[in-house]
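Residue numbers (my numbering): 59 to 225.
For each residue, glycine too, the CB sits at the ideal point set by N, CA and C.
Treat the numbers as computed from the prediction; the structure is a model and nothing was measured.
Report on the structure given below.
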């Protein structure tokens, strides 16, 4: 059984060509770029909530509506907690660094052998930051479109389309 799996893996690896590996590096750039942009925009949403919420809380206290101020304060507190747990700024930076690593590999890819390129791809893929899996198909579609293979586009769910739009 184990030998059969190894044979299948080898057969799959043998079917792969250098051009596909180069496209994989471009996918890594695109996927990490989309994740970095998503996290940056999410961070901006939290900043906007804090800015508008703080202003609204101040205004409601100013006009004598402390119960509204308390409700707004609760929304701000929840948003601050979620932001602290998600850490979108940190994740954005990590995704941006990973995008740069994939970009450097993509620049060197034409000169590398397939085995060396695949090895470096696997290292980058296994050491990457936290990413949003629902951005995988949109990144794939953008990559195959830019590579000139529109027939390979995948159908996206509504959720994937929304996340791709936000990213």
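Measure the C-alpha to C-alpha separation of residue i and residue j and round it to an integer number of angstroms.
i: residue 167; j: residue 80; result: 6 Å
i: residue 141; j: residue 82; result: 32 Å
i: residue 178; j: residue 163; result: 8 Å
i: residue 102; j: residue 86; result: 24 Å
i: residue 15; j: residue 111; result: With the chain covering 59 to 225 only, the question about residue 15 has no answer from this structure.
i: residue 76; j: residue 174; result: 10 Å
i: residue 114; j: residue 139; result: 19 Å
i: residue 143; j: residue 176; result: 34 Å
i: residue 116; j: residue 180; result: 52 Å
i: residue 126; j: residue 160; result: 48 Å
i: residue 158; j: residue 146; result: 18 Å
i: residue 169; j: residue 78; result: 14 Å
i: residue 171; j: residue 219; result: 36 Å
i: residue 156; j: residue 104; result: 24 Å
Could you give the C-beta distance for residue i and residue j, rounded to a whole number, given that I count them as a contact under 8 Å?
i: residue 94; j: residue 154; result: 4 Å
i: residue 99; j: residue 207; result: With a Cβ gap of about 28 Å, residue 99 and residue 207 do not count as contacting.
i: residue 214; j: residue 195; result: 6 Å
i: residue 198; j: residue 150; result: Actually they do not touch by this definition, with Cβ atoms about 21 Å apart.
Checking 8 Å against the spacing of the C-beta atoms, do residue i and residue j come in under that value?
i: residue 210; j: residue 216; result: no
i: residue 192; j: residue 212; result: no
i: residue 84; j: residue 165; result: no
i: residue 107; j: residue 128; result: no
Worksheet item: Would you call the region 132-146 and the region 82-94 touching, i.e. three or more CB-CB distances under 8 Å?
Response: no
Worksheet entry | Any 3 or more C-beta pairs closer than 8 Å across the region 183-193 and the region 118-130 | no
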